[in-house]
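Right, one structure below, let's go through it.
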Amino acid sequence: MMRFRAAGVIGLGYVGLPLSKLLVEHGMRVTGVDVDPAKIRSLQDGISYISDLSDAEVQSLTTGGRFEAASDYGGLTAVEAILICVPTPIREDGTPDLKYVELAGRHIASLPLAGQLVVLESSTYPGTTEEVLLPILESQGKKLGKDFYLAYSPERINPGDRSFGLSEMPKIVSGVTEDCLRMAKALYSPVYRKVIPVSSPRAAEMAKVLENSQRFVNISFVNEVAKCCEKMGIDIWEVLEAVNSKPYGNLPFAPGPGVGGHCIPVDPLYLQWKADEIGVDLAFIRAAKAVNDSMPGYIADRVERLLPDARLEGKSLLLIGVAYKKDVNDLRESSPLRVMEILAERGAHVSYHDPLVPSVSVGGRRYDSVELTPDALRSADCAVLLMDHSNLPIASIVAHARLVFDTRRATGALGPADHVKYL
Ligand SMILES: NC(=O)c1ccc[n+]([C@@H]2O[C@H](COP(=O)([O-])OP(=O)(O)OC[C@H]3O[C@@H](n4cnc5c(N)ncnc54)[C@H](O)[C@@H]3O)[C@@H](O)[C@H]2O)c1
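In the UniProt record's numbering, the protein residues as written are 1 to 423.
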């Protein structure tokens, strides 16, 4: 089996940077490319922009002699594999925006290729690798199987989860041809504990959007039931604890302000778009999106009803945790931010604390994270706990806030208190 010694990684974000580190740790030389000059500068200065990597880890990567980062593609001519880890967002109208993948493809096509393996790692709908990327790579006269090989291998990293090393994650691989698949297996086998080959890029693309769609549907379903429980006067958290005692056929999901991030609420829409194109209605995804979109407004309604005069106008609200997910600094598609926007639109004076997010821009206004002092907690009409980051001072929040609305049951271990309300 051939052994890859040098790889290029296009896109040094939440996926590409940890992946570069992993490849370097497994003995490869990595050339990273990112169009964002701020990221390249930050790497040169040894400063991490990703909550999962410390400055020390970035410095050890950038000074170890096996990693280089640049904003141009020139260095990729000397590598054996090129891994594309660029964003795949949705447009305003909910349709896939593949412009970053297309641009990366055009850049690669313009390089003097010599049989490099190109792998798309970005999440996308079934068909992208062969219907979109392959024609771009061939557009300047280059031939698949001679000038380049093409594979799809979805990234399955779980930001914020340090308990599970990236190389432990089973790596799904596929190739456009048998040779492409053979090369993809050779690239990833020395790096990942388990490589899962599938028969085509379309199957691998579907595997990725399916695993994220099932999470989207399940979390949205629990959120829908949480709303129902509130109307029925039932504690959803007590119910879930009981349900989760079932030793088989049950997957635990927790309610909250809604699913955010660049993946879980986005990938299902990629699948839905492709399904629409062939006349298939994915009703579960449609329903999950409707529930998910409704959650921030529902949280705002609950806060309003909890206030002594049931009015948001003029109230001072301290929101705690605005990232889209526990223990990350990523704000993409963050539902806590949407909650903040709605509360501000309805006339509340909002401030926020997030240990991982120093400032945010919401509704055209910039907010800086405030310190979670006893005074700040006491002076708010309500502290709204939106994201349960590990290092939040939960006991102090409960001790000093006048009213707490806890959407994550992060305060649960302290036992019930009259001024603490759960979602
Ligand atoms: N973040 C996650 O948890 C996660 C998990 C699994 C899969 N994914 C998927 O991986 C892909 C990347 O996600 P991410 O979270 O790392 O995004 P990101 O925004 O953190 O990083 C992408 C990087 O690509 C750069 N970029 C964009 N276009 C480029 C181009 N043409 N050339 C070079 N650089 C370019 C951007 O400047 C950015 O730094 C997406 O498809 C996403 O769905 C993300």
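In this text, a Cβ means the ideal position worked out from N, Cα and C, and glycines have one as well. Only a predicted model underlies this, so the values are computations on that prediction, with no experimental measurement involved.
* Kindly identify the DSSP beta-bridge partner or partners of Asp406. => Residue pairing by DSSP places Asp406 opposite Leu385, Tyr422 in a beta bridge.
* Name the residue from Leu17, Glu313, Leu319 whose alpha carbon lies nearest to the alpha carbon of residue 425. => The displayed coordinates of the chain run from 1 to 423. Any statement about residue 425 would go beyond what the structure contains.
* Classify His389 as buried or exposed, calling it buried when 16 or more other Cβ atoms lie within 10 Å of its own Cβ. => Within 10 angstroms of the beta-carbon of His389 lie 16 or more other beta-carbons, which makes it buried.
* Expressed to the nearest angstrom, what Euclidean distance is found between the alpha-carbon atoms of Lys99 and Ser245? -> Between Lys99 and Ser245, the C-alpha separation is close to 45 Å.
* To do: Tell me, please, which residues DSSP counts as bridged to Pro197.
  => Looking at the DSSP output, Pro197 bridges to Val173.
* From Leu386, Gly364, Ala399, pick the residue whose C-alpha is nearest to that of Leu377; which is it? -> Residue nearest to Leu377 within the set Leu386, Gly364, Ala399 is Ala399 (criterion: CA-CA distance).
* Which residue spans inside the segment 2-29 form an unbroken beta strand (DSSP E) run of at least 3? -> Secondary structure remark: continuous beta strand (DSSP E) runs of at least 3 residues inside the segment 2-29, in chain order: 6-10.
* Asked: Would you report the Cα separation of Ile196 and Ser51, rounded to the nearest angstrom?
  -> As the crow flies, the alpha-carbon of Ile196 is around 28 Å from that of Ser51.
* Any idea what DSSP makes of residue 424, helix, strand or coil? -> Look at the range of the chain in this structure, 1 to 423, and you will see that residue 424 is not part of it.
* Asked: What are the partner residues of Leu67, as DSSP defines its beta bridges?
  -> According to the sequence as given, residue 67 is Phe; it is not Leu. Beta-bridge annotation (DSSP): Phe67 is paired with Val30.
* **Supposed close pair Ala114, Val217 - CB separation, criterion 8 Å** => That pair is no contact at about 44 Å.
* To do: If I'm right that Leu83 touches Ile136 with Cβ under 8 Å, what's the distance once you round it to whole angstroms?
  => A Cβ-Cβ separation of about 16 Å leaves Leu83 out of contact with Ile136 under the 8 Å criterion.
* Can you say whether Phe164 is buried or exposed, counting buried as having 16 or more other CB atoms within 10 angstroms of its CB? => With fewer than 16 Cβ atoms within 10 Å of its Cβ, Phe164 is classed as exposed.
* Asked: Where does Ala151 sit, in a helix, a strand or coil, going by DSSP?
  -> In the three-state DSSP reduction, Ala151 falls in the strand class (E or B).
* Which residue's Cα is closest to the Cα of Gly160: Leu53, Lys421, Tyr352? -> It is Leu53 whose Cα lies nearest to the Cα of Gly160.
* Arg91 versus Leu343 - alpha carbon distance -> So the alpha carbons of these two residues sit roughly 25 Å apart.
* Asked: Should Ala81 be counted as a contact of ligand 1 given a C-beta to heavy atom distance under 7 Å?
  -> Answer for Ala81: no, Cβ out of range of ligand 1.
* Under a three-way DSSP split, which group does Asp375 fall into? -> Reduced to three states, the DSSP call for Asp375 is helix.
* To do: Rounded to whole angstroms, what's the CA-CA distance from Ser123 to Thr88? Just pull it up for me.
  => When rounded, the distance between both Cα atoms is 7 Å.
* Asked: Does DSSP put Tyr192 in a helix, in a strand, or in coil?
  -> In the three-state scheme derived from DSSP, where H, G and I count as helix and E and B as strand, Tyr192 is classed as coil.
* If you run the structure through DSSP and keep just helix, strand and coil, what is Arg215? -> In the structure shown, Arg215 falls within a helical segment according to DSSP collapsed to helix, strand and coil.
* Rounded separation between Lys315 and Val404 - CA only -> Lys315 and Val404: Cα-Cα distance of roughly 14 Å.
* Asked: For Ser335, which option in Ala383, Pro257, Asn329, Ala310 has the closest C-alpha, if you only look at C-alpha atoms?
  -> Answer by Cα proximity: Pro257.
* Using three-state DSSP, classify residue 438 as helix, strand or coil. => Residue coverage of the chain in this structure runs from 1 to 423, which leaves residue 438 outside it and unanswerable.
* **Host alpha helix (DSSP H) of Ala275 (start-end)** => Residues 267-277.
* Pairwise C-alpha distance: Pro355 and Pro255 -> C-alpha of Pro255 to C-alpha of Pro355: approximately 22 Å in a straight line.
* Minimum C-alpha distance to Ala300 - residue among Leu423, Ser361, Ser60 -> Of the candidates Leu423, Ser361, Ser60, Leu423 places its Cα closest to the Cα of Ala300.
* Keeping to the same chain, check which residues put their C-beta closer than 8 Å to that of Ile397; ignore five residues upstream and five downstream. => Shown here for Ile397: same chain residues with a beta carbon closer than 8 Å to its own, the five before and five after excluded, namely Ile320, Leu372, Leu377, Ala383, Leu385, Val404, Thr411 in chain order.
* To do: Report the rounded CA-to-CA distance for Leu117 versus Asp293, giving the unit in angstroms.
  => Leu117 and Asp293: Cα-Cα distance of roughly 40 Å.
* **Per-residue burial, Glu131 [other beta carbons within 10 Å of its own, 16 or more giving buried]** => Exposed, since its Cβ has fewer than 16 Cβ neighbours within 10 Å.
* Can you tell which of Leu317, Ser379, Val357, Leu61 has its C-alpha closest to the C-alpha of Arg346? -> Distances from the CA of Arg346 to each of Leu317, Ser379, Val357, Leu61 were compared; the closest alpha carbon is that of Leu317.
* Among the residues of its own chain, which have a CB less than 6 Å from the CB of Gly16, if the five just before and after it don't count? -> The residues are Val9, Cys85.
* Using a Cβ-Cβ cut-off of 6 Å (strictly less than) and excluding sequence neighbours within five positions of Leu414, which residues of its own chain qualify? -> If we look at Leu414 and ignore the five residues flanking it on each side, its Cβ neighbours are Val398.
* To do: Please report how far the alpha carbon of Gly419 lies from the alpha carbon of Leu331, in whole angstroms.
  => The sequence given here places His at residue 419; Gly does not occur at that position. Here the alpha carbon of His419 sits roughly 29 Å from the alpha carbon of Leu331.
* Quick one: what's got a C-beta closer than 6 Å to Cys229's C-beta in the same chain, skipping five residues either side? -> Counting only residues of its own chain and dropping the five nearest sequence neighbours on each side, Cys229 has a CB closer than 6 Å to the CB of Ile236.
* Asked: Helix or strand or just coil, what does DSSP make of Arg106?
  -> Looking at Arg106 - three-state DSSP - the assignment turns out to be helix.
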